[in-house]
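Residue numbers (my numbering): 41 to 181.
No residue lacks a Cβ here, since even glycine has one placed at the ideal position from N, Cα and C.
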């Protein structure tokens with residue numbers, strides 16, 4: 041279930057415009073993997089968190105919970121202290137102009153470190169909770 045680049049960018053713009061006036065571009069730090077299949081945003085608005093979305097997956101995600109009206113299985117969230125979880129979303133943090141974190145490099149914010157590798161993206165908070173994401177598998181720990 042690939043997301044078309046224009047539709048993803050439009051969704052992101054609409055989502056950002058829908059935020060209260062107090063939110064600004066400084067509240068978001070976007071990045072992506074070199075393949076462009078994983079896009080993330082560190083968010084500093086009503087709490088600090090990380091969200092990562094996958095454009096394409098080859099495995100079957102878990103069933104969508106009854107409480108979720110939107111897309112489920114390809115978006116993941118992590119806070120500085122909590123456990124990682126799948127998100128129910130109606131938007132995307134995929135940004136074609138986001139900074140690319142090259143393979144073998146990391147990006148850190150809020151005590152969360154994300155490392156980009158050819159095998160995928162691994163993000164971990166200070167408590168050791170996080171996720172490992174790739175086209176073929178998504179693991180929360």
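Using a Cβ-Cβ distance under 9 angstroms, would residue 115 count as near chain D? In summary, chain D is missing from the structure at hand, where a single protein chain is found.
Keeping to the same chain, check which residues put their C-beta closer than 7 angstroms to that of residue 167; ignore five residues upstream and five downstream. Along the chain shown, read from residue 1 onward, the residue named residue 167 stands at position 127. For residue 167, where only same-chain residues beyond five positions count, the Cβ hits under 7 angstroms are 121.
Touch check for the region 71-90 and the region 129-146: three-plus C-beta pairs under 8 angstroms? Yes, the region 71-90 is in contact with the region 129-146.
How about residue 95: is its Cβ closer than 8 angstroms to a heavy atom in the ligand HEM? The model on display carries no ligand, and the ligand HEM is accordingly not part of it.
Could you tell me how far apart the beta carbons of residue 119 and residue 88 are, in whole angstroms, since I believe they sit closer than 8 angstroms? Translated into the one-based positions of the chain shown, residue 119 becomes position 79. Translated into the one-based positions of the chain shown, residue 88 becomes position 48. About 7 angstroms; that satisfies the 8 angstroms criterion.
Please work out which residues of its chain come closer than 6 angstroms, Cβ to Cβ, to residue 139, disregarding the five sequence neighbours upstream and downstream, and give them in chain order. For the purposes of this step, residue 139 is identified with residue 99 of the chain shown, where counting begins at 1. Cβ within range, chain order: 71.
Taking the straight line between their C-alpha atoms, what separation do you get for residue 112 and residue 157? Here residue 112 refers to the residue found at position 72 of the chain shown. Here residue 157 refers to the residue found at position 117 of the chain shown. Spanning the two alpha carbons is a distance of roughly 24 angstroms.
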